Amino acid sequence: MLHLAKDGIFPITKDKDGNLLKNLPASGLQVPGTIQGEGKLNGIPSLFIRLAGCNLHCTWKTLAGNICECDTAYAAFKVENSFSLPVEEIVQTIRHNRGNIDHIVITGGEPFLQADEVRELCRQLKVLAPFHITVETNATIYPEHVVEHVDFFSLSPKLSGSVPPPPHTEHHDKTRINLPAIQSFITHARENGKDFQLKFVYSGENDIIEIKNLLARLHDWKKEDILLMPMGANPDELRLSIPQTLEHCIRNGWRYCDRLHISLFGNKQGV
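In the working numbering, each residue's number is its place in the sequence shown (first place is 1) plus 1.
Here it is as structure tokens:
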């Protein structure tokens, strides 16, 4: 069984038995699937599987001085509407909603909290079709027995600007960076012909210092593997941080990481 967030498998138009659902997916489109909105695979048609639960509790302060929680807080630590499904049921649902989609994204929360189940999910998906599988992770957990089944690692280490107020402060701050785990993902990707990205949220000037200090302690990365993403869960918040984010990308030779799904759909869930 896998523990899923409330949007679960998305966007879909059919259930596990292939029956049409009564309502259109949150995208408003009459076809299953959406596009990857962030990172190196931006724009590629994909189906998402969102798992519930996280070992971090990210909270940022926006450039306007507002508090911005994780944009998937409902999956990370507000899991009242989460539910569990057998791996086989998830795979059957994917089968009926695949169409011409070849990319599956497993996200969260933190997927590797359910490492054994994620391994089985990846294994069964690869039996169903030659899917390209991305896992989006905060890179605090490196499950060696799972990574062989994953094609792309979207690593999002959390900087000090993400530390929440009490009572979550101490645990988050101690847990948010795991250098050996990050390096293990990079090394596995390099040695096995796979790819990865290091994706950072920009919330202020101190982030740039932290990123450079972190990168100095890692090896086998290239400038094009480093992505800087403006902070914000809606278009108004993004507009405040885009100019500084762009400038730092250009200065350092890093990739600018758009949030295309927000541009297309706003701050809807399940798109």
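Glycine included, C-beta positions come from ideal geometry on N, C-alpha and C.
This one's a predicted model, so the numbers in the text were calculated from it and none came from an experiment.
Would you mind sorting residue i into buried or exposed? The rule is 16 or more other CB atoms within 10 Å of its CB.
| i | result |
| --- | --- |
| residue 217 | exposed |
| residue 166 | exposed |
| residue 213 | exposed |
| residue 37 | buried |
| residue 240 | exposed |
| residue 246 | buried |
| residue 48 | buried |
| residue 238 | buried |
| residue 264 | exposed |
| residue 91 | buried |
| residue 26 | buried |
Which of the three DSSP states is assigned to residue i in this structure?
| i | result |
| --- | --- |
| residue 53 | coil |
| residue 10 | strand |
| residue 260 | coil |
| residue 220 | coil |
| residue 244 | helix |
| residue 3 | strand |
| residue 213 | helix |
| residue 198 | strand |
| residue 15 | strand |
Could you pull the DSSP bridge partners for residue i from this structure?
| i | result |
| --- | --- |
| residue 69 | 61 |
| residue 138 | 156 |
| residue 47 | 35, 104 |
| residue 203 | 231 |
Roughly how many angstroms separate the alpha carbons of residue i and residue j, rounded to a whole number?
| i | j | result |
| --- | --- | --- |
| residue 114 | residue 32 | 31 Å |
| residue 170 | residue 138 | 20 Å |
| residue 200 | residue 64 | 19 Å |
| residue 96 | residue 29 | 21 Å |
| residue 136 | residue 35 | 16 Å |
Query raised in the report: Is it true that the stretch 51-70 meets the stretch 215-233, where meeting means three or more beta-carbon pairs spaced less than 8 Å apart?
Result: yes
Query raised in the report: Within the chosen definition, does the stretch 77-85 reach the stretch 40-59 through at least 3 CB pairs nearer than 8 Å?
Result: yes
**Report entry** the stretch 156-166 in contact with the stretch 116-132 per 3-pair CB rule at 8 Å
**Finding:** no
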